[in-house]
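Participant: Below are the structure tokens for one structure; questions will follow.
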Amino acid sequence: MTGYGHHGHNEKVLHLFEQMKSYGLAPSSATYICLLKACGSIRAAEKGIEIHDEISKKGLLAEDNLLCTTLLDMYSKCGLLSKAQEVFDKLPFHDIVSWNTLITRYCQNNMNKEALRSYERMKQEEVSSDAITFASLLKACVSIGSLELGEHIHKEIQGKGLLQNDGILATSLVDMYVSCGSLVKATQVLEELHCQNEVSWTTLLTRFVQHGQGEEALKYFELMKLKGFSPTIATCLCILKACALQGALDRGQEIHADLIKEGELENNMVIGTALVDMYAKCGSLVKATQVLEELHCQNEVSWTTLLTRFVQHGQGEEALKYFELMKLKDFSPTIATCLCILKACALQGALDRGQEIHADLIKEGELENNMVIGTALVDMYAKCGALIEARKLFHEPLTRNVVSWGALLGGYAP
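Residues in the sequence shown are numbered consecutively from 1, following UniProt numbering.
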């Protein structure tokens, strides 16, 4: 059973337990621990409650803290945090493992006040916090956007001397400062760390990009390389986004050249799509199409990325042309593709092409519960001058909203 659980075959674990009982074999605490882990992994709350009852009847909880903590974890993973708290409150004693389990699960379920309250109780019971405790609390600070609390936790971490040898905790701290808007403090923390690594640097760069600070991301990317850290795929993805933000085509081309040199483009669809997006956002649509055509691992996402950028640059005709090429290469249009091409039809006044898309959407049953597609169709018909068809669609129950009103009225504008 343990072997099956270790390899993620949790249904098999539960099946073997039933077989075990049919042979009259008595489960041990280790068996129950394995079963509870399986229930937590597949969120089998009902089965977990059944096992809990069985354990309680045998009186096993009073003497086995590991079993109790596993039970607590099972309820937490199943989203039954009130049951988890009940189990925790009945534990014979609270150690760091049980406290961390409770606090971590509260944070994962976005119950940050409960996590912080538990931490205060933990301190009152004089249980010493560790890196796992603080990493969870820093995530809670991010969720509630409390820089003040994050700074307080930072001081506690420093007081325990935990930062110098724990890269994961250090990265969580950098992430907290950036997420709470203190980019200066985040860079200061990173630069002072003895345990810097590619992950902590990439975390900082990613947050710069998420806050629209592409220039800072590019600056610290250079510093990262000067310190001897090699960019990972995640780093390159982040910097390609920074190049797109800043329109830094030259820097993007340098990354592209490095990726070719490292052989990273051959089978990496995500990187390929990011390159297409970067070139297109930097205004080099010719290069974007060239990159896409040379990719060995094209897919619907990479094609839709290119089509979307054509439309955003007002090149509806090119979008329609490459849409046909996409279909010739046997890639099926997604909803995102169809939305993009409907905009291209509206740009070009290509009513016939828009009607073809409309017919395909009806055939695929995509109009039944999709207000976004319905609104895009109203917009396309109105901009192509087919106001009767636009009005007809507008009066469909799922289509009418504020955006579709604007689309319809726009068709009447001179």
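Using N, Cα and C, we set each Cβ at its ideal position, and we do this for glycine too.
Do ILE103 and SER146 have their C-beta atoms within less than 8 Å of each other?
Facilitator: The Cβ atoms of ILE103 and SER146 do not sit closer than 8 Å to each other.
Participant: Going by the beta-carbon positions, is the gap between VAL372 and LYS343 smaller than 8 Å?
Facilitator: With respect to the 8 Å criterion, VAL372 and LYS343 are not classified as neighbours on the basis of their beta carbons.
Participant: Here's the rule I'm using: 16 or more other beta-carbon atoms within 10 Å means buried, otherwise exposed. How should ASP73 be labelled?
Facilitator: buried
Participant: Spatial neighbours of GLU63 within its chain, please: CB distance less than 8 Å, with the 5 preceding and 5 following residues excluded, ordered by chain position.
Facilitator: PRO92
Participant: With a CB to CB cut of under 7 Å and the five nearest residues on each side skipped, what residues in its chain are close to GLU300?
Facilitator: Within the same chain, GLU300 has close Cβ partners PHE331, SER332, THR334, THR337.
Participant: So, is ILE260 buried or exposed, given that buried needs 16 or more other C-beta atoms within 10 angstroms?
Facilitator: exposed
Participant: With H, G and I counted as helix, E and B as strand and the rest as coil, what does DSSP make of THR171?
Facilitator: Helix, per DSSP.
Participant: Taking the alpha carbon of THR304 as the reference point, which residue from GLU294, LEU320, HIS6 has its own alpha carbon closest?
Facilitator: LEU320
Participant: With a CB to CB cut of under 6 Å and the five nearest residues on each side skipped, what residues in its chain are close to residue 433?
Facilitator: The structure shown does not extend to residue 433, since the chain spans only 1 to 414, so no value can be given for it.
Participant: Here's the rule I'm using: 16 or more other beta-carbon atoms within 10 Å means buried, otherwise exposed. How should ALA359 be labelled?
Facilitator: exposed
Participant: Would you tell me roughly how many angstroms separate the C-alpha atoms of LYS58 and TRP99, rounded to the nearest one?
Facilitator: 25 Å
Participant: Among the candidates ALA217, TRP201, THR202, GLN164, whose CA atom is the shortest distance from the CA of CYS195?
Facilitator: GLN164
Participant: Consult DSSP for GLU366 and reduce its assignment to one of helix, strand or coil.
Facilitator: It is coil, neither helix nor strand.
Participant: According to the Cβ coordinates, are GLY314 and LEU351 closer than 8 Å?
Facilitator: no
Participant: What is the DSSP secondary structure of HIS52, reduced to helix, strand or coil?
Facilitator: helix
Participant: Is ALA386 helix, strand or coil when you go by DSSP?
Facilitator: coil
Participant: Could you tell me whether the Cβ atoms of CYS282 and CYS236 are closer together than 8 Å?
Facilitator: In this structure, CYS236 does not lie closer than 8 Å to CYS282 by Cβ.
Participant: Are the beta-carbon atoms of LEU190 and LEU204 separated by less than 8 Å?
Facilitator: yes
Participant: Under DSSP, the alpha helix (DSSP H) around ASP330 begins and ends at which residues?
Facilitator: Unbroken run through ASP330: none, as it is neither H nor E.
Participant: So within the region 149-237, which uninterrupted alpha helix (DSSP H) runs reach at least 4 residues, ignoring any that extend past its ends?
Facilitator: 167-179, 183-192, 198-210, 214-226
Participant: Could you give the DSSP three-state label for HIS395: helix, strand or coil?
Facilitator: coil
Participant: According to DSSP, is LEU307 helix, strand or coil?
Facilitator: helix
Participant: Using a threshold of 8 Å, state whether the C-beta atoms of CYS107 and GLY150 are closer than that.
Facilitator: Against a cut-off of 8 Å, the Cβ pair of GLY150 and CYS107 comes out as no contact.
Participant: Measuring alpha carbon to alpha carbon, tell me which residue in ALA115, HIS296, GLN246, SER41 is nearest ASN268.
Facilitator: Cα-wise, what sits closest to ASN268 is HIS296.
Participant: Give the secondary structure of ILE42 by DSSP, where H, G and I count as helix, E and B as strand, and everything else as coil.
Facilitator: coil
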